[in-house]
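S.K.:
Protein chains: 2
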Amino acid sequence: MPESYRAYIRALHLFVDMDADHFEALMRGTYVQNFPPQVELISEGEPSDFLHVVLSGSVELTSTWNGRETTMATVRPISTFILAATIKDAPYLMAAKTLEKSRIALIPSSDVRAVFDTDHIFARAIVTELAQCYRSVIKSQKDLKLRTSLERLANYLLRQQDRVNGAAEFELQIEKRRLASFLGMTPENLSRALKGLQPYGVEVNGNQIRINDQADLLQFAKPTPLIDDYAS
Amino acid sequence: MPESYRAYIRALHLFVDMDADHFEALMRGTYVQNFPPQVELISEGEPSDFLHVVLSGSVELTSTWNGRETTMATVRPISTFILAATIKDAPYLMAAKTLEKSRIALIPSSDVRAVFDTDHIFARAIVTELAQCYRSVIKSQKDLKLRTSLERLANYLLRQQDRVNGAAEFELQIEKRRLASFLGMTPENLSRALKGLQPYGVEVNGNQIRINDQADLLQFAKPTPLIDDYAS
DNA sequence: GGAATTTCTTGATCTGAATCAAGCTGCCGG
DNA sequence: CCGGCAGCTTGATTCAGATCAAGAAATTCC
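Which chain is which? The protein sequence lines are A and B, in order.
To convert, note that position 150 of the first sequence is 150 in UniProt numbering; the numbers rise steadily by one, no gaps.
To convert, note that position 157 of the second sequence is 157 in UniProt numbering; the numbers rise steadily by one, no gaps.
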């Protein structure tokens with residue numbers, strides 16, 4: 001793989017502290033590839049041959065059942081996805097598709113498992129990452145089961161605002177129809193829900209969101225770190 | 001802790017292969033306690049001081065937000081819970097409450113983390129367990145987002161039937177109101193949903209469930225290992 | 001064993017959200 | 001510059017599921 005990407009991958013929590021030789025061993029089997037938009041990188045149910053790292057662009061994780069489809073997550077640089085399947089050597093539970101032109105690093109799953117067994121630091125990092133992922137899904141589950149769609153949307157917007165350090169105005173990072181699916185609603189309802197937040201000072205103009213009165217929205221959304229703090 | 005419980009704990013995937021000395025080290029700080037029903041073992045948001053192991057009885061994991069409460073899972077012997085919080089040394093995302101008289105082993109979180117750093121086999125087991133937990137939540141998330149409540153119930157019943165090796169008749173393991181909450185519906189609706197499955201050969205008598213025509217129910221429920229096989 | 005409490009069920013009604021059906025808007029390519 | 005097309009919005013309708021209300025069944029507790 002090109003030398004240039006190594007630094008980015010190395011900087012990930014998962015790899016930053018591990019032994020240099022072990023990292024090299026991982027990188028030897030790794031290759032980096034550019035994909036156009038809308039390419040299905042992996043399909044639900046397939047065996048998990050590679051740990052994927054998104055270096056640029058973005059990837060959508062979806063699941064389907066009985067003709068229905070839902071967006072489970074969107075992965076942005078620089079991060080990995082389908083770590084759990086890699087570790088367990090089990091089939092993917094989600095499909096992955098590029099949303100835009102994306103650069104993806106593919107690390108052979110067998111190498112990840114092998115290095116795991118010889119590098120303590122790496123093992124520790126994987127456990128921390130997995131625990132993190134687990135907690136994120138639990139939070140998302142709580143969000144789904146305990147909140148109405150309007151409340152989910154309000155909290156989503158506040159989290160996005162957090163991402164831009166509290167700026168009153170910011171851009172949605174994903175298409176509305178995908179956001180709708182992620183939040184567990186239809187595009188029509190997302191449209192209406194965005195209107196429904198107007199009384200709390202939310203202005204929408206295309207992908208541009210403006211939160212006029214954060215305090216007002218906060219009072220409605222009632223965010224809690226036990227659901228909305230994806231970092232802890 | 002009493003010698004007698006060690007064997008049960010040792011038999012768990014998490015501990016079965018680890019070094020005997022390390023296991024002893026873990027057990028030294030561990031104590032076993034009996035709890036009456038309805039005791040809140042841990043509260044949402046608290047720091048995670050112990051890894052818990054249910055030795056007998058059962059424990060319900062719930063989450064609350066803004067006055068609403070939902071059942072996230074029920075833990076039965078012999079298994080652990082809140083492993084992720086223990087590993088990350090982060091606050092619990094769920095509360096845990098005994099449903100019946102239960103015997104619980106408490107392993108100090110700091111010991112778990114310490115042994116993790118010195119025992120490869122244990123580290124490997126923890127990673128496998130965490131990956132397993134992660135995948136279970138993802139499955140549960142798919143269940144929630146892709147299925148109607150009637151479909152969720154049908155698949156739940158089929159999974160329960162699986163647990164008893166396909167016997168046509170079996171008992172529900174939890175109270176109906178808790179099952180309702182777990183499945184993301186109200187008790188009233190669960191009642192109606194159970195009636196709604198009559199056309200597919202489901203008979204209900206208190207906690208006794210009879211599936212007269214499994215093929216018929218299967219055709220309606222359309223289970224898939226990518227959602228319903230909790231083992232993989 | 002019987003009163004009291006809780007859980008479960010059933011029916012009636014209400015509501016949030018999905019679906020259906022058009023328009024609208026903005027973007028891409030010729 | 002202007003079709004064509006995908007994504008978004010809006011309104012009307014339908015539907016699944018929640019809520020409200022009350023009665024029945026099962027448990028618990030004196």
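We put the CB at the ideal spot given by N, CA and C, even for glycine.
With 8 Å as the limit, tell me which residues of the stretch 126-144 of chain B have their beta carbon closer than that to any beta carbon of chain A; keep them in chain order.
M.R.: Ile126, Val127, Thr128, Leu130, Ala131, Gln132, Cys133, Tyr134, Arg135, Val137, Ile138, Lys139, Ser140, Gln141, Lys142 and Leu144
S.K.: By the three-class DSSP mapping on this structure, what secondary structure does Gln173 of chain B have?
M.R.: coil
S.K.: For chain A, is any of its Cβ atoms less than 8 Å away from the one on Lys97 of chain B?
M.R.: no
S.K.: Taking the Cβ atom as the reference point for each residue, do Ala180 of chain B and Arg210 of chain B lie within a distance shorter than 8 Å?
M.R.: no
S.K.: Within 8 Å (strictly less), CB to CB, does Arg147 of chain A reach chain B?
M.R.: yes
S.K.: So with Cβ pairs under 8 Å, would you call Asp49 of chain A a contact of chain B?
M.R.: Chain B, which has no Cβ nearer than 8 Å to the Cβ of Asp49 of chain A, makes this no.
S.K.: In angstroms with no decimal places, state the Cα-to-Cα distance between Pro225 of chain A and Arg178 of chain B.
M.R.: Looking at the two C-alpha atoms, the distance is approximately 26 Å.
S.K.: Could you check if His52 of chain A is buried or exposed, using at least 16 other CB atoms within 10 Å of its CB as the buried criterion?
M.R.: buried
S.K.: Hey, out of A:Gly45, A:Lys101, A:Glu69 and A:Lys222, whose CA is closest to Leu150 of chain A's CA?
M.R.: A:Lys222
S.K.: Is the separation between the beta-carbon of Gly57 of chain A and that of Thr30 of chain A shorter than 8 Å?
M.R.: no
S.K.: Check each candidate in A:Trp65, A:Gln219, A:Ile42 and A:Cys133 and name the one with the smallest Cα separation from Pro199 of chain A.
M.R.: A:Gln219
S.K.: So, helix, strand or coil for Ile82 of chain B, using DSSP?
M.R.: coil
S.K.: What's the call for Ser4 of chain B, buried or exposed, on a 16-neighbour Cβ count within 10 Å?
M.R.: Exposed, since its Cβ has fewer than 16 Cβ neighbours within 10 Å.
S.K.: Counting only beta-carbon separations shorter than 8 Å, does Lys101 of chain B have a partner in chain A?
M.R.: no
S.K.: Is there a Cβ from chain B that is less than 8 Å from the Cβ of Asp117 of chain A?
M.R.: yes
S.K.: Could one say the Cβ of residue 290 of chain B lies closer than 8 Å to chain A's Cβ atoms, at least one of them?
M.R.: Look at the range of chain B in this structure, 1 to 232, and you will see that residue 290 of chain B is not part of it.
S.K.: From the DSSP output, read off the bridge partner residues of Val53 of chain A.
M.R.: Bridge partners of Val53 of chain A: A:Thr80 and A:Ala105.
S.K.: Determine the chain B residues that contact Lys222 of chain A at a beta-carbon separation under 7 Å, and present them in chain order.
M.R.: Asn66
S.K.: When the Cβ atoms of the stretch 125-133 of chain A are set against those of the stretch 62-79 of chain A, are three or more pairs found closer than 8 Å?
M.R.: no
S.K.: Can you tell me where the beta strand (DSSP E) holding Glu69 of chain A begins and where it ends?
M.R.: Arg68 to Val75
S.K.: Closer than 8 Å by C-beta to Leu130 of chain B: which residues in its own chain qualify, once you throw out the five before and the five after it? Chain order, please.
M.R.: Leu83, Ala84 and Ile87
S.K.: Step through the CB atoms of chain B and report whether any lies within less than 8 Å of the CB of Glu44 of chain A.
M.R.: yes
S.K.: State the Cα-Cα distance for the pair Pro47 of chain B and Leu93 of chain B, rounded to the nearest angstrom.
M.R.: 10 Å
S.K.: Just to confirm, are Ile107 of chain A and Phe35 of chain A a CB contact at a threshold of 8 Å?
M.R.: no
S.K.: Give the range of the alpha helix (DSSP H) segment to which Lys142 of chain A is assigned.
M.R.: His120 to Leu146
S.K.: Is the Cβ-Cβ distance between His22 of chain B and Asp117 of chain B less than 8 Å?
M.R.: no
S.K.: Measuring alpha carbon to alpha carbon, tell me which of A:Arg68, A:Asn189, A:Tyr230 and A:Ala20 ends up nearest Arg163 of chain A.
M.R.: That would be A:Tyr230, whose Cα lies nearest to the Cα of Arg163 of chain A.
S.K.: Just to confirm the assignment: which complete alpha helix (DSSP H) runs, minimum length 4, are found wholly within the UniProt domain "HTH crp-type" (147-215) of chain A?
M.R.: Those alpha helix (DSSP H) runs which fall completely within the UniProt domain "HTH crp-type" (147-215) of chain A and span 4+ residues are 149-163, 176-182 and 187-196.
S.K.: Enumerate in chain order the residues of its own chain whose CB-to-CB distance from Ile174 of chain A is below 6 Å, with the five nearest sequence positions on each side excluded.
M.R.: Thr74
S.K.: Which residues in the same chain have their Cβ closer than 6 Å to the Cβ of Ile227 of chain B, if we skip the five residues on either side of it in sequence?
M.R.: Counting only Cβ-Cβ distances below 6 Å, and skipping sequence neighbours, we find Lys139, Lys142 and Asp143.
S.K.: If we count the other Cβ atoms within 10 Å of its Cβ and call it buried at 16 or more, is Gln161 of chain B buried or exposed?
M.R.: Residue environment for Gln161 of chain B: buried (at least 16 other C-beta atoms within 10 angstroms of its C-beta).
S.K.: Inspect the beta-carbon positions of Leu26 of chain A and Asp89 of chain A and report whether they are closer than 8 Å.
M.R.: no
S.K.: Drop a sphere of 10 angstroms on the beta-carbon of Lys101 of chain A, count the other beta-carbons inside from all chains shown, and report buried for 16 or more, exposed for fewer.
M.R.: exposed
S.K.: Which residues mark the beginning and the end of the beta strand (DSSP E) in which Leu226 of chain A is found?
M.R.: First-last for Leu226 of chain A: Pro225 to Asp228, but that is the alpha helix (DSSP H), not the beta strand (DSSP E).
S.K.: Of the choices B:Asn189, B:Phe15 and B:Glu203, whose alpha-carbon is the least far from that of Arg152 of chain B?
M.R.: B:Asn189
S.K.: So residue 236 of chain A and Leu157 of chain A are supposed to be a Cβ contact under 8 Å. How far apart are they, rounded?
M.R.: Nothing can be reported for residue 236 of chain A, as the shown portion of chain A is limited to 1 through 232.
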